[in-house]
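Student:
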Amino acid sequence: MLRLYHLLLGSILLVSIPVGAKFVLPQFSPPKEVKSSAVVKLPNSNEGNIWQKILGNTAAPTNWQVAACEGNAPLLCVSSKGKRLGTVEINIYQLTNNEDFRKKLLAAGITSGSQVDYQSSQYQTQVLPVLKAWVADHYAAFAKDRQSEYGKEITFSAYPPQPVPIGKLQGIRYGFAGLKEQGGVKEQHIGHVAFDGSKLYVITTAFDPGTQTGKFEQLENLAIFQPYLYAIASDLRLP
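If you're matching positions, the sequence shown starts at -9 in the working numbering and goes up one per residue.
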């Protein structure tokens, strides 16, 4: 039943989004009927992939597999019956190399390099607006880029940022879509961002022909995997 529901959802996303409509990413709860499995330990050649260190328990649709990709690229592979369906990418940015984010932290009363209690309500209250401001800048940059690339052919529609746990960190889930003027989805992006006091973690995947990594080839498969990605993000070994 869960599989059928997700297939129907993917089909709806592909064909029934009205022109100019606001695109709202489904706010799924983690699937209750799916069994979690411990992260698969891969060969030593894969130790450079950060997913190997941070991936906690994984959840996936029936007959799908989720594991750190081979090699050193920071990619999480999603596959079924030996065929890769998509990848999720994580990028980690050191605070020392991100002046704009440091300024946002200082404006919120968070001193660079300070020891913080990540679970404290005070810290969460301080850091969430900073992460939301980061997302707003991210949206603005994408909207400007798409406007220059597509003009009026594509409508940029953003998903309201949502506070969510990312491992032991309090983070933000965000996303946006590019809607075709004649109907349908040109691209859809899903992201998570969190901050641990010294590093900014950005986890992304998408349905986007123009994206090289961190993407799904089919929108339907991204829609199916979406709630499982939410569950995986919440169980990461972060910080």
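Note that beta-carbon positions come from the ideal geometry of N, C-alpha and C, so glycine has one too.
Grouping DSSP H, G and I as helix and E and B as strand, with all else coil, what is residue 148?
Tutor: The answer is strand: DSSP assigns residue 148 an E or B state.
Student: Tell me the residue span of the beta strand (DSSP E) that contains residue 197.
Tutor: 189 to 197
Student: Can you check whether the CB of residue 61 is closer than 8 Å to the CB of residue 81?
Tutor: no
Student: Going by beta-carbon coordinates alone, are residue 163 and residue 154 separated by less than 8 Å?
Tutor: yes
Student: Classify residue 101: buried if its beta carbon has 16 or more other beta carbons within 10 angstroms, exposed otherwise.
Tutor: exposed
Student: Reducing DSSP to helix, strand and coil, say where residue 94 ends up.
Tutor: helix
Student: May I ask which residues mark the beginning and end of the beta strand (DSSP E) holding residue 136?
Tutor: DSSP places residue 136 outside any beta strand (DSSP E); the residue lies instead in the alpha helix (DSSP H), whose first and last residues are 111 to 140.
Student: Would residue 168 pass as an interface residue toward chain C - the criterion being a Cβ-Cβ separation below 8 Å?
Tutor: The structure shown contains no chain C; it is built from a single protein chain.
Student: For residue 119, count the other beta carbons within 10 Å of its own beta carbon; 16 or more makes it buried, fewer makes it exposed. Which is it?
Tutor: exposed
Student: Can you find the residues in the same chain that come closer than 8 Å, C-beta to C-beta, to residue 75, ignoring five residues on each side of it along the sequence?
Tutor: Close CB contacts of residue 75 within its chain, under the 8 Å cut and outside five residues either way in sequence, are with 54, 68, 69, 206, 207, 208, 211, 215 (chain order).
Student: What is the residue span of the beta strand (DSSP E) that residue 170 lies within?
Tutor: First-last of the beta strand (DSSP E) with residue 170: 159 to 170.
Student: Would you decide whether residue 195 is buried or exposed? Buried here means 16 or more other CB atoms lie within 10 Å of its CB.
Tutor: buried
Student: Based on DSSP bridge pairs, tell me the residues matched to residue 82.
Tutor: 191
Student: Are at least three pairs of beta-carbons, each pair with one atom in the region 178 to 194 and one in the region 83 to 94, less than 8 Å apart?
Tutor: yes
Student: Residue 178: buried (16+ other C-beta within 10 angstroms of its C-beta) or exposed?
Tutor: Classification of residue 178: buried, given that the 10 Å Cβ count is 16 or more.
Student: From the DSSP output, which residues share a beta bridge with residue 227?
Tutor: The partner list for residue 227 (beta bridge, DSSP) is empty, contrary to what the question assumes.
Student: Measuring straight from C-alpha to C-alpha, what distance separates residue 29 and residue 143?
Tutor: Any reading at residue 29 needs caution, since the residue's pLDDT is 35, under 50, leaving its predicted position unreliable; the model's value is listed next. When rounded, the distance between both Cα atoms is 42 Å.
Student: Looking at the strands, I want to know which residues DSSP matches up with residue 181.
Tutor: Partner(s): 164, 194.
Student: What residues match up with residue 77 in a beta bridge as DSSP calls it?
Tutor: 67
Student: So which of 145, 91, 227 has the shortest CA-CA distance to residue 171?
Tutor: 145
Student: Between the beta-carbon of residue 185 and the beta-carbon of residue 228, is there less than 8 Å?
Tutor: no
Student: Can you give me the start and stop residues for the beta strand (DSSP E) that residue 55 sits inside?
Tutor: 54 to 58
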